[in-house]
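Structure record follows, encoded as C-alpha cells.
Numbering (the numbering used here), first residue to last: 8 to 429.
Next comes the structure, spelled out in C-alpha cells:
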C-alpha cells in the first residue's frame with residue numbers, strides 16, 4: 008500500500024470518526040439505563056417481577072423501539088444528501104463571490120423542494136409584498152425531513168401505544184404465558200407507553216443531528232439523562248414505593264429528558280440555533296438566519312409525494328432490522344420453557360442486553376458511514392462516496408471480528424454476573 012493510500016484511508020477514517028465516536032459514546036451511555044433498570048428490579052428479589060419487566064422490555068423493543076429505529080433509515084439518507092446539496096450550493100455561491108461575479112441570491116431556490124430528493128409536490132409562489140417573505144420563509148429541506156420523519160414515526164407508534172394500554176395481557180395469555188405474569192407485564196408496559204412517544208421524537212432528533220455532523224449533542228443529552236436515571240429509579244422504586252413498576256416510571260421520565268434538551272438547545276438558544284443553521288448550510292437558501300417551524304411542517308405533512316418518497320426508503324429499513332426482531336422473539340419464546348420460565352426469560356433478556364451493547368460499536372460506525380456517503384452523494388461526489396463506503400465497511404468488519412473473538416475468549420460467567428448474583 009502506497010503512502011498516499013494510507014494517508015487517504017487515515018483522512019477518511021478521521022472524517023468519519025467525528026460522527027462515529029460521539030455516536031458510539033451516546034449509544035453506549037444510552038444503554039446504561041437498561042442495565043440500571045434490570046439491576047434495580049433484580050435486587051428486589053422477585054423473579055416474577057424481573058421476568059415481567061424483562062418481557063415488557065422485550066415487547067417494547069419489538070413493537071415500539073424497532074419501528075422508530077427502522078423508519079429512521081430514510082431520515083438518515085435524505086438529511087445527509089440534502090445537507091450535501093446545500094453545502095455544494097453554498098460553496099458555489101462563495102466561489103462566485105470571490106470571483107467577482109457578484110453575490111448569488113440565496114433565494115434562488117425552488118420551494119417545490121427541487122433537489123433530487125425533496126419532492127413535496129407543493130409549490131410556493133413568491134409574493135411581491137416583501138423581500139422578507141421570499142427569504143425567511145423559504146423551506147429548509149433538512150428541516151422538512153425532520154418534521155416529516157417525526158410525523159410518520161408517530162403515526163406508526165400511536166397504534167402500538169393503544170395496544171400497550173389495552174390488550175397485551177390477553178395476547179400474552181393466548182400465547183401460553185401465565186395470567187399473573189401477563190397482567191404484570193401489561194401493567195409495566197402501560198407505564199412505558201408515554202415514553203414511546205418521547206423515544207420516537209428523541210431517536211428522530213438523534214439521527215437528524217448525527218447526519219448534520221452534530222453528534223456531540225445527542226451524546227451530551229444522553230449523558231445528562233443517564234446521570235438522572237439512577238436517582239429516578241431510587242425515587243420511584245423506593246421513595247414512592249412503586250416496586251418494579253417504579254423502574255418503568257423511571258424509564259419513561261428518562262425518555263422525556265433527551266428530546267426536551269434537543270428542543271431547548273436547537274430552538275431556544277441563540278448558539279444552538281446558529282450552529283444548527285450552519286450545519287445545514289442554510290444560508291445557501293435562507294440568508295435570514297432563522298429556524299422556522301410552520302413553513303417546513305406544512306410541506307412535510309401535506310405532501311403525499313414526499314410521504315411516499317420517505318416510506319419508500321423507510322419500509323426497507325424497517326425490514327432490514329428483522330435481525331433485531333428475531334433476537335427479541337427468541338427472548339419471548341424463552342418464557343415458555345419449563346420448568347422455570349421466569350428464570351430463562353430473565354437470562355435471555357440479559358443476553359440481549361449484552362448483544363445490543365456489542366452491536367452498538369459497528370453500528371455507530373455504520374451511522375457515520377451513512378452520513379458521510381449521503382453528504383458526498385448530495386454534493387455530487389460519487390467517487391468520494393464510493394471510497395468512503397469501502398473504508399467504512401472494512402473498518403466495521405474489523406471491529407466486529409475483534410468483538411466476537413473477545414467475547415469467545417472471555418469467561419462466559421463474568422458479564423452476566425453484573426446483572427444478577429445467581
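Where is the CB? At the ideal position from N, CA and C, for every residue including glycine.
To which residues of the same chain is residue i closer than 6 Å at the C-beta, ignoring the five residues directly before and after it?
i, result
"residue 375", "23, 26 and 27"
"residue 243", "249, 253, 256 and 257"
"residue 33", "225, 226 and 229"
"residue 331", "73"
"residue 203", "71, 164 and 168"
Nearest by alpha-carbon distance to residue i: which of the options is it?
i, options, result
"residue 352", "35, 50, 57 and 32", "57"
"residue 383", "46, 84 and 66", "84"
"residue 224", "272, 38, 161 and 90", "272"
"residue 235", "29, 36 and 19", "36"
"residue 164", "260, 299, 211 and 335", "211"
"residue 378", "358, 364, 399 and 361", "399"
"residue 201", "276, 171 and 214", "171"
"residue 186", "408, 55 and 21", "55"
"residue 303", "154, 188 and 50", "154"
"residue 152", "203, 366, 77 and 214", "214"
"residue 43", "419, 183, 251 and 404", "251"
"residue 340", "53, 50, 65 and 17", "65"
"residue 217", "380, 278, 345 and 182", "380"
"residue 184", "345, 388 and 401", "345"
"residue 145", "323, 293 and 316", "293"
"residue 17", "329, 52 and 394", "394"
"residue 181", "343, 392 and 15", "343"
"residue 388", "45, 92, 52 and 15", "92"
"residue 175", "410, 162, 350 and 59", "59"
Short of 7 Å in beta carbon distance, which residues of its chain neighbour residue i, apart from the five on each side in sequence? Order them along the chain.
i, result
"residue 406", "368, 369 and 372"
"residue 47", "240, 244 and 254"
"residue 41", "360"
"residue 276", "none"
"residue 391", "383"
"residue 274", "280 and 298"
"residue 51", "250 and 251"
Give a yes or no on whether the C-beta atoms belonging to residue i and residue j are separated by under 8 Å.
i, j, result
"residue 321", "residue 313", "no"
"residue 89", "residue 160", "no"
"residue 237", "residue 261", "no"
"residue 149", "residue 287", "yes"
"residue 356", "residue 97", "no"
"residue 359", "residue 334", "yes"
"residue 80", "residue 319", "no"
"residue 438", "residue 298", "For residue 438 there is no data in the structure shown, the boundaries of the chain being 8 and 429."
"residue 169", "residue 67", "no"
"residue 86", "residue 219", "yes"
"residue 69", "residue 325", "no"
"residue 71", "residue 167", "yes"
"residue 416", "residue 365", "no"
"residue 20", "residue 354", "no"
"residue 363", "residue 38", "yes"
Does DSSP put residue i in a helix, a strand or coil?
i, result
"residue 348", "helix"
"residue 53", "coil"
"residue 193", "helix"
"residue 229", "helix"
"residue 103", "helix"
"residue 157", "helix"
"residue 145", "coil"
"residue 8", "Any answer about residue 8 is weak, because its pLDDT of 48 lies below 50 and its placement is not dependable; what the coordinates show is given next. Coil, per DSSP."
"residue 208", "helix"
"residue 239", "helix"
"residue 173", "coil"
"residue 221", "coil"
"residue 31", "helix"
"residue 363", "helix"
"residue 186", "helix"
"residue 276", "coil"
"residue 380", "helix"
"residue 249", "coil"
"residue 422", "coil"
"residue 61", "helix"
"residue 386", "coil"
"residue 114", "Because the pLDDT of residue 114 is 39, which lies under 50, any placement of that residue in the model is unreliable, and the question is left without a value."
Spatial neighbours of residue i within its chain, please: C-beta separation below 8 Å, excluding the five flanking residues on both sides.
i, result
"residue 264", "228, 231, 232 and 235"
"residue 94", "288, 291, 382, 385 and 386"
"residue 179", "62, 188, 189, 192 and 193"
"residue 221", "282, 283 and 286"
"residue 266", "205, 208, 209 and 212"
List in chain order: all unbroken alpha helix (DSSP H) runs of 4+ residues lying wholly within the region 388-416. 389-416
Runs of alpha helix (DSSP H) wholly within the region 288-356 (minimum 4 residues, chain order): 301-309, 311-327 and 329-341
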